[in-house]
Structure formats: structure tokens, C-alpha cells
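In what follows, a structure is listed as C-alpha cells, so that the remarks can point back to it.
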Amino acid sequence: MKEKIEALRLETETAMAQTETGRGLYELKVKFQTALKGIMSGMKDLVKEDRPAFGKIVNEFKQSIEEKFEARALVVREMEMQKKYASERVDITMPGKSYKAGALHPITLVKNELIDIFSGMGFKVFEGPEIETDYYNFTALNTPKDHPARDMQDTFYLAENLLLRTQTSAGQIRVMEKDTPPIKILSPGRVFRSDDDATHSPMFHQMEGLVVDKGITLCDLQGMLAEFARKMFTSSTKVRLRPSYFPFTEPSVEVDLSCSECGGKGCRLCKGTGWIEVLGAGMVNRHVLENCGVDPDVYTGFAFGMGIERIAMLKYGINNIKTLFENDTRFLEQFED
Ligand code: DAH
19 MKEKIEALRL
29 ETETAMAQTE
39 TGRGLYELKV
49 KFQTALKGIM
59 SGMKDLVKED
69 RPAFGKIVNE
79 FKQSIEEKFE
89 ARALVVREME
99 MQKKYASERV
109 DITMPGKSYK
119 AGALHPITLV
129 KNELIDIFSG
139 MGFKVFEGPE
149 IETDYYNFTA
159 LNTPKDHPAR
169 DMQDTFYLAE
179 NLLLRTQTSA
189 GQIRVMEKDT
199 PPIKILSPGR
209 VFRSDDDATH
219 SPMFHQMEGL
229 VVDKGITLCD
239 LQGMLAEFAR
249 KMFTSSTKVR
259 LRPSYFPFTE
269 PSVEVDLSCS
279 ECGGKGCRLC
289 KGTGWIEVLG
299 AGMVNRHVLE
309 NCGVDPDVYT
319 GFAFGMGIER
329 IAMLKYGINN
339 IKTLFENDTR
349 FLEQFED
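For the sequence shown, the numbering used here gives the first residue as 19, with consecutive numbering after it.
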């Protein structure tokens, strides 16, 4: 019996000294308890008189081993903590991980700036639907079916009378139908045309403006555009109106701004002319007013429409419209404030 106890003591103490984890120590303890039970079960084979003395020996043995387990547990816990500290050590001199904050897209920046400039002149924002009826996009804008001006815009039709709007001008009709003059709205949004090259994209953004009231003239349009040009570009930017044609305006004008690159002397950007075309505009055609129930003998108005990408490209010197849609962060980062 005694030999068995000594053998178990030796075995347990040796193993304990080699155990370096709490888990290992626990497993060793279970193993020891099982072995001890085995020894104790041998008690029944002893003669009665020997049993108390043997019981005492076993108890002392058990107690001394348990104390050793407790002492070892403290050591092992400390070892484990040290290992954990070493593996989780943070080098506070290392540079931190930096997360880039998002920023507004240049198209959004220009759109917001346009809204800022025009709301300063009293314009309110109206956003129409991107899927339009043929009526709002064309017919009510004095462009009935078979009108040659329909060829100016290569349209994506969804059904016979349903299309992706080709121009934010459709918003003019929606506003005039529901509001009575005085009207002063700005209508920004996406438009769609089957068009794709360095300066055209099948989806792009426009900003429409419409003013209807008594006594509105082309001079009001010119004055307002001059203010827009000074604020959007430089204080010396000039505006020039050239006769043009749009079915929904009469007279119609094409609006040029003096070239911001050369100040009007002539350079590559303005193709030597000193002027850059930026938008279409005109006095609202009386047929359009009539289509919306506005009396053209009482009210007049002007309208204008510009491409937001075009303004962004001029303002930031971007020469390919695709860069505005590829969302390459190396490009976009340049517009962070
Ligand atoms: N809708 C025209 C276009 O997309 C731009 C335009 C021209 C809008 C004249 C107008 C306007 O409001 O009066 O080409």
C-alpha cells in the first residue's frame, strides 16, 4: 500500500512540475483523484486494526498533494498571464490604423453649390420623377411626336409612352400644373440619353430653372445668369447669349461664359474663342404656358437647363466625363475639403 502511495506521489509531483497550464493541472488532478480512489478501495482488504492508521496516511497524503496542486495553480496562473501579456503586447509607438472619412462626390459638391447660389436668389427645389411619361418629357414641352427636335435627344423608352427622362425640363410642366405664378423653382436630377463618349454619358445630371411671373423678360434671365457665373466661377466671368432653338422656349438662347482658363483671350479649353458654352435657356414658349393652364397674355417666364457634369468639368478642369462615374478614390480624394 505504502509503495503505491509513494509511486503515486512521485508520479503526480513530477507531472505537476511539468504542467504549465490551468487546463493541464485540472486534468492531472482528476487523474490523481481517480488513482487515489483506487488505492482507497484497497482498504477493504486490510485487517480491521490496520484500517485507521492507513486512513490517516491516505488523508495526509491527499491533503499534502492538494496543497501542492493549489501552490502550483498559483504559479501556473502567473505563467499564463505572462504569456498572455507577451502575446497581446501593444507597441504604442506604432502608427495607428487610419480610417479615411468619406467625402462628397464632385457632382454633389457642384449640385449643392448651384442650389446654394440659386436659393440665394429665391429659388425653391423641386425634384421630379426619373421615369417620365412621353407627355411631360416631350409633348407638353411643345415637342409632339414626329417633331424633329426629338432627334436632338436619343431616348430610352420603357414602353410606348413611358421613358427615362432625357431632361429635367419635364419638371417645369409638373410645377406649372400644380402651382400658380409667381413660380421660381430649381429642378436638379438624373437624366438619361443613349450617348457615350469623352464628354457624354448615358446617365448624367441636369439642373433646371424656371421663373414665371408678370413682366419677366430676357433681361431678367441675363442678369440672373451673370450673378450665377460670378458666384460659380470668378467675379470677372462674363455671360453671352447666342440665339438658338429649343421647342419649349421662344426666343431660345445658348449661354456662353467667358473662358475661366484664359480670361477670354482664347486658349485650348475654349478652342481659341474665349467663350465656353454652358447651358440652354430662353423665354418659356407660350404653348408650354398654355399646356399648363398659365395665361401667356398675363404671365411670362424664362427657363434654363444646364449639365452638372459640364459645370464640374469646367470648374475643376476635368477632361473626361467617365472619371466622374468610375469612383476611383485617387480621383475623388482630390475634391475633399
Ligand atoms: N432641356 C435642354 C437640354 O437638355 C436644356 C434647356 C434648354 C433647358 C433651354 C431649358 C431651356 O429650360 O429653356 O438640352
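The beta-carbon is built from N, C-alpha and C at its ideal position, and this holds for glycine as well.
Assigned secondary structure, residue i (DSSP; H/G/I helix, E/B strand, else coil)
{"i": "D63", "result": "helix"}
{"i": "M225", "result": "strand"}
{"i": "V316", "result": "coil"}
{"i": "G298", "result": "strand"}
{"i": "P70", "result": "helix"}
{"i": "S219", "result": "coil"}
{"i": "F343", "result": "helix"}
{"i": "L259", "result": "strand"}
{"i": "S276", "result": "strand"}
{"i": "S212", "result": "coil"}
{"i": "E106", "result": "coil"}
{"i": "M324", "result": "strand"}
{"i": "E29", "result": "helix"}
{"i": "E268", "result": "strand"}
Any non-hydrogen atom of the ligand DAH within 7 Å of residue i CB
{"i": "A321", "result": "yes"}
{"i": "T267", "result": "yes"}
{"i": "A158", "result": "no"}
{"i": "E226", "result": "yes"}
{"i": "F264", "result": "yes"}
{"i": "S212", "result": "no"}
{"i": "Q185", "result": "yes"}
{"i": "G300", "result": "yes"}
{"i": "S205", "result": "no"}
{"i": "S219", "result": "no"}
{"i": "S270", "result": "yes"}
Identity of the residues DSSP links to residue i by a beta bridge
{"i": "A91", "result": "For A91, which the question treats as bridged, DSSP gives no partner whatsoever."}
{"i": "S254", "result": "None; S254 has no bridge partner."}
{"i": "P206", "result": "M225"}
{"i": "V48", "result": "V48 is not bridged to any residue."}
{"i": "D238", "result": "According to DSSP, D238 bridges with nothing at all."}
{"i": "V230", "result": "I201, G319"}
Cβ-Cβ separation, residue j to residue i (assumed contact under 8 Å), whole Å
{"i": "L243", "j": "V209", "result": "That belief does not hold up - the Cβ atoms of L243 and V209 are roughly 21 Å apart, past 8 Å."}
{"i": "K142", "j": "L239", "result": "Contact flag wrong, Cβ pair sits at about 18 Å."}
{"i": "F266", "j": "L332", "result": "So it is not a contact: roughly 25 Å between Cβ atoms."}
{"i": "R192", "j": "Y153", "result": "Incorrect: roughly 11 Å between the Cβ atoms, too far for contact."}
{"i": "V264", "j": "G298", "result": "Note that residue 264 is Phe in the sequence shown here, rather than Val. Correct: roughly 6 Å between the Cβ atoms."}
{"i": "A226", "j": "S187", "result": "For clarity, residue 226 is Glu in the given sequence; the question names Ala instead. 6 Å between Cβ atoms; contact."}
{"i": "E145", "j": "L182", "result": "Between L182 and E145 the Cβ distance is about 15 Å, and since that is not below 8 Å, they are no contact."}
{"i": "G241", "j": "T318", "result": "Their Cβ separation, rounded to whole angstroms, is 15 Å, which puts G241 and T318 out of contact at 8 Å."}
{"i": "H223", "j": "I339", "result": "11 Å between Cβ atoms; not a contact."}
{"i": "S212", "j": "F174", "result": "6 Å"}
As an exercise, report each continuous alpha helix (DSSP H) stretch of at least 4 residues that is fully enclosed by the segment 114-202, in chain order.
For the segment 114-202, whole alpha helix (DSSP H) runs of length 4 or above, ordered along the chain, are 124-137, 152-155, 188-196.
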